[in-house]
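Numbered according to our numbering, the sequence shown spans residues 76 to 336.
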Amino acid sequence: MTFMDLEDPRYAYMLGFLQADGHLHAGPGRKGRLSVEVSHRDIDILQAFQALCPYPSTIRERTRTTNFAENHRTAIWTLCTEEARTCINEAGLPYGKKSHTIRPPRASFSRRDYLRGIIDADGAIGFTSDKLPFVSLVTASTAVATYLCRYTKLQLGLHKLTSRNSRDQVYNIMYMREAGAAVAAHLYYPGCLALQRKRSAAAEVAAWERPSHMCPPRQRRTWAPWEDQVLLTTPTLDEAAEQLGRSKKSCQVRRWRLRNR
Numbered sequence: 076m077t078f079m080d081l082e083d084p085r086y087a088y089m090l091g092f093l094q095a096d097g098h099l100h101a102g103p104g105r106k107g108r109l110s111v112e113v114s115h116r117d118i119d120i121l122q123a124f125q126a127l128c129p130y131p132s133t134i135r136e137r138t139r140t141t142n143f144a145e146n147h148r149t150a151i152w153t154l155c156t157e158e159a160r161t162c163i164n165e166a167g168l169p170y171g172k173k174s175h176t177i178r179p180p181r182a183s184f185s186r187r188d189y190l191r192g193i194i195d196a197d198g199a200i201g202f203t204s205d206k207l208p209f210v211s212l213v214t215a216s217t218a219v220a221t222y223l224c225r226y227t228k229l230q231l232g233l234h235k236l237t238s239r240n241s242r243d244q245v246y247n248i249m250y251m252r253e254a255g256a257a258v259a260a261h262l263y264y265p266g267c268l269a270l271q272r273k274r275s276a277a278a279e280v281a282a283w284e285r286p287s288h289m290c291p292p293r294q295r296r297t298w299a300p301w302e303d304q305v306l307l308t309t310p311t312l313d314e315a316a317e318q319l320g321r322s323k324k325s326c327q328v329r330r331w332r333l334r335n336r
C-alpha cells in the first residue's frame, strides 16, 4: 500500500473528502498540520483515514456552540508529519484557503471514488419534501463543478449544465428522480469507503422507482449544428421556434448560451 496512491479507491475518496472538508495549515519553518473536523456521528470516517495513514496522527473530540446547536459534538483528525503533508499537498490539497482552487488530480486517479469523497463532504443525498430522490453538490470550484457534470454525462448519459448562482457565487448541482438514483447507485457501490449515513441514504435513493401516477420523464432533444445556425441567423425567436419545432423559451435559452460561451 502506497500512501496517497490515487489509483487506490480509498485514497482517491480520501483526497476528495479532504479537498472539500480538510485544511492544510502552514506553520513557521517546516511546521504545519492537516486537520479535518466532522460531526461526531461521522467519526468512523476519520478512523478510516487514520488507519490508511502510515504516519502518527490523532483524533480528538470537542463540544462547542454553533449557529445550529448549543452543544455540537465534533471529532477532529490531526496529522502533522511533514512527509505526510507533502504527499497530500502534491496529491491535490492546497495549503490555506482552497474553496475556489481545488480541482481533480492531474495524475491518474479513481474517478468515481474521488467524486464520492467530494459529495460526502460537501454534498447531500436524500429525498425532498415531495419525496423525490436527489443527489446534490454545492461547490465554489469551477473545476470540480465542471468535472462532475462532464463525468456524469460520459458515464451515465446525464446532461447537466451549471453556472454560479448570483447570490452566493457557488455552483449548486442537483440530480433528481431517475438521474439522482443513477448517480447514487454509481458512486455508492457495495463495499466502498463512505460516510455510513450517506451510504444508507444512497441505497434508498438508488432503489427509487417512478410511481405509476407520476408522468414519465421527458426525452431530451439535443441541438444539432444546423439548428444552432438557424437559431443564430433567424431574426426573431418566434420565427426560429416555428422553423425548428421548439418552444420559444427553449430557443431563447439556447441562443443565450451560444452567444455567451
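Built from N, CA and C at the ideal position, the CB exists for glycine as well.
Chain B within 8 Å of residue i, Cβ atoms only
| i | result |
| --- | --- |
| GLN327 | Annotation note: the requested chain B is absent from the structure, which comprises a single protein chain. |
According to DSSP, residues forming a beta bridge with residue i
| i | result |
| --- | --- |
| SER132 | LEU154 |
| HIS100 | ARG108 |
| THR412 | As shown, the chain starts at 76 and ends at 336. That puts residue 412 outside it, with no answer to give. |
| SER114 | THR149 |
| MET251 | PHE209 |
Contact under 8 Å by Cβ, residue i with residue j
| i | j | result |
| --- | --- | --- |
| GLY405 | LEU190 | Outside the shown range of the chain, which is 76 to 336, sits residue 405, and nothing can be said about it. |
| VAL219 | PRO179 | yes |
| VAL113 | THR149 | yes |
| ARG330 | LEU307 | yes |
| LEU270 | ASP83 | no |
| ALA316 | SER322 | yes |
| TYR130 | LEU93 | no |
| ASN247 | SER211 | yes |
| ALA257 | LEU236 | no |
Sequence-distant residues of its chain with Cβ nearer than 6 Å to residue i (five each side left out)
| i | result |
| --- | --- |
| LYS273 | ASP195 and ILE200 |
| PRO169 | THR176 |
| ALA87 | LEU81, PHE184, SER185, ASP188 and TYR189 |
| ALA260 | ALA281 |
| PHE202 | PRO208 |
| HIS100 | GLY107 and ARG108 |
| GLU302 | LEU319 |
Candidates the options, of which the one nearest residue i by Cα
| i | options | result |
| --- | --- | --- |
| GLY104 | GLU157, ILE120, HIS147 and SER110 | GLU157 |
| TYR250 | PRO286, ALA269, THR227 and PHE209 | PHE209 |
| TRP152 | ALA218, ALA166, CYS162 and ARG137 | ARG137 |
| ARG186 | LEU223, THR217, LEU236 and GLY255 | LEU223 |
| SER216 | ALA182, LYS172 and PHE202 | LYS172 |
| GLY167 | ALA159, ARG181, SER174 and ALA277 | ARG181 |
| VAL378 | ASP117, MET79, LEU312 and SER211 | The question about residue 378 has no answer here: the residues shown for the chain are numbered 76 through 336. |
| ASN146 | SER211, LEU229, HIS115 and CYS162 | HIS115 |
| THR161 | ARG85, THR227 and MET79 | MET79 |
| PRO310 | ALA95, CYS326 and THR237 | CYS326 |
| ASP96 | GLY102, ILE120, THR77 and ARG85 | ILE120 |
| THR77 | ARG239, ILE163 and ARG295 | ILE163 |
| PRO300 | LEU333, ALA276 and ASP243 | LEU333 |
Cβ shell of residue i (< 7 Å), same chain only, five flanking positions each side left out
| i | result |
| --- | --- |
| MET89 | PHE124, LEU127 and GLY192 |
| THR141 | HIS147 |
Contacts around residue i, its chain only, beta-carbon distance under 8 Å, and the 5 residues preceding and following it disregarded
| i | result |
| --- | --- |
| SER174 | THR214, ALA215 and SER216 |
| ARG285 | ARG252, GLU253, PRO291 and PRO292 |
message = If we require 3 or more residues per run, which beta strand (DSSP E) segments fall completely within the segment 156–235?
response = Secondary structure remark: continuous beta strand (DSSP E) runs of at least 3 residues inside the segment 156–235, in chain order: 198–202 and 208–214.
request  = Would you mind listing the alpha helix (DSSP H) stretches within the segment 263–288 that are 4+ residues and don't spill past its ends, in chain order?
outcome  = 271–281
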